[in-house]
């Protein structure tokens, strides 16, 4: 299983989701690969945003080795699942999806438990709440994937 987490700039939400997923999947001994990307190109090559790294590190997630990149058409063929952090990223990904794409493009959150979008902490400045939502979403995702195996 190959999963791509997608947000706007790939410096807050999607790298956090990638880091949380890698950690929790390893802990659950779930065989999967994870990556992250952004729909925009503003931060290509940059590490995750400093305050997000600090908040993630406080929970035991090291995002320091990740670098921002923009989603490519090839990603739709390399990944099984592309998970958008909010409705706008979902619409953008749907518009980019090439014919014959392998990946299913879905929203990261299923709407269970309240939130349907992960708020962007780059704008809200609330990194802990975004991480709370991401951790819950990753746990739900892993449970769904494990049931499907």
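Numbering (the working numbering), first residue to last: 37 to 185. Ideal Cβ positions, reconstructed from N, Cα and C, are used throughout, including at glycine. As the structure is a prediction and not an experimental result, all values here were calculated from the model.
- The region 129-155 is shown to contain no whole alpha helix (DSSP H) run of 4 or more residues.
- For residue 93, the enclosing alpha helix (DSSP H) starts and ends at 86-94.
- In the three-state reduction of the DSSP assignment, residue 120 falls in the strand class, which pools E and B.
- Residue nearest to residue 46 within the set 112, 185, 158 is 158 (criterion: CA-CA distance).
- The continuous stretches of beta strand (DSSP E) do not include residue 175, which lies in the alpha helix (DSSP H) extending over residues 163-184.
- A direct Cα-to-Cα measurement between residue 181 and residue 86 gives close to 31 angstroms.
- Check the Cα spacing between residue 100 and each of 106, 89, 94: the tightest is with 89.
- For a cut-off of 8 angstroms, the C-beta gap from residue 49 to residue 166 is around 6 angstroms, short enough to register as a contact.
- By the Cβ neighbour-count rule, residue 58 is buried, with 16 or more other Cβ atoms within 10 Å of its own.
- Straight-line spacing of the CA atoms in residue 44 and residue 179 works out to 26 angstroms.
- Checking the DSSP bridge columns, you'll see residue 66 has no partner listed.
- When only Cα atoms are considered, residue 121 and residue 177 end up about 13 angstroms apart.
- Around the beta carbon of residue 130, fewer than 16 other beta carbons lie within 10 angstroms, which makes this residue exposed.
- For residue 112, the enclosing alpha helix (DSSP H) stretches over residues 111-114.
- DSSP places residue 160 inside the alpha helix (DSSP H), whose first and last residues are 157-160.
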